[in-house]
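S.K.: Taking the numbering used here, I'd label the letters of the sequence shown as residues 47 to 222. From the three backbone atoms N, C-alpha and C, an ideal C-beta is built for every residue, glycine too. Just so you know, these numbers come straight off a predicted model, no measurement behind them. Below you'll find the structure I mean.
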Amino acid sequence: MTHSKKILITGGPGSGKTSLIDELKNKKFNCEKEIVRSLTLEGKKDGNDQLFLKEPLNFSKTLLDLRISQFDKKQVKSITFYDRGVQDALAYLNFLKAKYDNDFIKKCERIKYDMVFILPPWKEIYKQDKCRYETFEESIKIYEEIIKIYHFFKMKTIILEKDSVNNRIKKILSYL
C-alpha cells in the first residue's frame with residue numbers, strides 16, 4: 047500500500063475549515079472530521095458548559111490522544127484531509143497561557159502532516175455558537191498561536207487566503 051498523504055486544514059475558529067472539509071467530502075476525498083465539537087457537546091451533556099475553559103489540560107490531553115489515534119488510523123486512499131490537527135491542542139493551550147508538561151510536546155513531535163493549510167480569521171463569516179465561544183478578536187490570537195506551533199514543529203505551512211470554497215479547494219489541490 048502506498049503512503050497516504052496527510053493534509054491538514056486548520057486555522058482559528060470560524061475561518062471556513064469545516065466548509066472546506068465538507069466540500070472535499072462531496073468531491074469524494076477522504077476526510078477526517080473535527081473531534082473537538084463532539085467532545086465539547088459531550089461535556090455539555092454532563093453539565094460542563096465550557097469544558098475546555100474549565101479543565102484545559104484534561105480536555106486537551108483527551109483531545110490530543112483522540113487526534114493522534116485519528117492520525118494513526120490506516121488510510122486506504124492516497125490523500126487524507128484533516129479538519130484540525132494534533133498540534134492545534136497546544137496552540138489553544140498557549141492561547142490560554144496554560145502550562146503543560148513535556149509529554150504533550152513529545153506526543154506532537156512524532157506527528158508530521160505532509161502539508162498544513164492555515165486559514166486566516168474571516169470576520170464576515172465568523173459566528174459564535176454553542177461550541178465556538180471565542181470572540182473574533184480571540185480567534186485572531188488563536189490563529190497566531192496556530193501559525194507559531196506548526197512552525198515550532200517545523201512543518202510546511204501555507205496560508206490559504208479568504209476566497210470561495212471552490213477557489214480555496216483549487217488552491218489546495220494545486221499544491222498536491
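What first and last residue would you give for the alpha helix (DSSP H) that runs through Thr64?
M.R.: Here residue 64 is taken as the residue at index 18 of the sequence shown, counted from 1. Looking at the DSSP string, the run of the alpha helix (DSSP H) that includes Thr64 is Lys63 to Asn72.
S.K.: Of the choices Ser210, Lys208, Ile218 and Lys100, whose alpha-carbon is the least far from that of Leu142?
M.R.: On the sequence shown, residue 142 is found 96 positions in, with the first residue counted as 1. Considering only alpha carbons, the answer is Lys100.
S.K.: Which same chain residues, not among the five before or five after Met201, have their C-beta less than 7 Å away from its C-beta?
M.R.: Position 155 of the sequence shown, counting from 1, holds the residue named residue 201. So the list reads Lys158, Tyr159 and Val162, once near-sequence residues are dropped.
S.K.: With 16 as the cutoff for other CB atoms within 10 Å, does Lys73 come out buried or exposed?
M.R.: As a first step, residue 73 must be located in the sequence shown, where it is residue number 27. Exposed, by the Cβ-count rule.
S.K.: Quick one: give me the first and last residue of the beta strand (DSSP E) that Asp129 is part of.
M.R.: Within the sequence shown, numbered from 1, the residue matching residue 129 stands at position 83. Segment Ile125 to Asp129, the beta strand (DSSP E) holding Asp129.
S.K.: So what does DSSP say about Glu78, is it helix, strand or coil?
M.R.: By 1-based counting over the sequence shown, the position of residue 78 is 32. Three-state result, Glu78: strand.
S.K.: Report the rounded CA-to-CA distance for Arg130 versus Lys216, giving the unit in angstroms.
M.R.: The count along the sequence shown starts at 1 and reaches residue 130 at position 84. The count along the sequence shown starts at 1 and reaches residue 216 at position 170. Near 19 Å, if we compare the C-alpha coordinates of Lys216 and Arg130.
S.K.: What's the call for Thr225, buried or exposed, on a 16-neighbour Cβ count within 10 Å?
M.R.: Because the chain is modelled from 47 through 222, residue 225 falls outside the range shown and cannot be assessed.
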